[in-house]
Amino acid sequence: VTRGDNASPVPAGAVKVTPGHSPPDLVLARAHGLPLLSVIGDDGTMCPPGGGWLQGVHRFVAREKVVAALAERGLYRGTQDHAMTLPMCRYRCPHRVTLSGHVPP
Numbered sequence: 001v002t003r004g005d006n007a008s009p010v011p012a013g014a015v016k017v018t019p020g021h022s023p024p025d026l027v028l029a030r031a032h033g034l035p036l037l038s039v040i041g042d043d044g045t046m047c048p049p050g051g052g053w054l055q056g057v058h059r060f061v062a063r064e065k066v067v068a069a070l071a072e073r074g075l076y077r078g079t080q081d082h083a084m085t086l087p088m089c090r091y092r093c094p095h096r097v098t099l100s101g102h103v104p105p
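Numbering (UniProt numbering), first residue to last: 1 to 105.
Structure follows, in structure tokens:
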């Protein structure tokens, strides 16, 4: 997507859209009529349309292969760490505690 619809702090001119993983990206994809594609199968391997040369390759190995292919062509610009917030589930939901303090099974 190359429009200014995103709120990226670094204007790259294009953004990666992952509508299967992000509600805002889903809205953006629908607004642009983009197809919803699944490129990683339930077993963690790449599947069509994830690239024929990566089909059947586990996602972590595929990542290394993509980086190597970009570097080989002089297109890899490096890796940069960034902070992420991942919501975590609890074994017991806080709202399930009764007034007496008992946690139902």
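Glycine residues also receive a C-beta, built at the ideal position from the N, C-alpha and C atoms.
All values reported here derive from a predicted model rather than from experimental measurement.
- Counting the other CB atoms within 10 Å of its CB gives A68 a total below 16, which places it among the exposed residues.
- Of H21, G44, M46, the smallest CA-CA separation from L36 is found for H21.
- About 4 Å separates the CB atoms of P19 and A29; that is less than 8 Å, so the two are in contact.
- If you look at P24, you'll find it in the alpha helix (DSSP H) that goes 23–31.
- Of the other Cβ atoms in all chains shown, 16 or more fall within 10 Å of the Cβ of M46; this residue is therefore buried.
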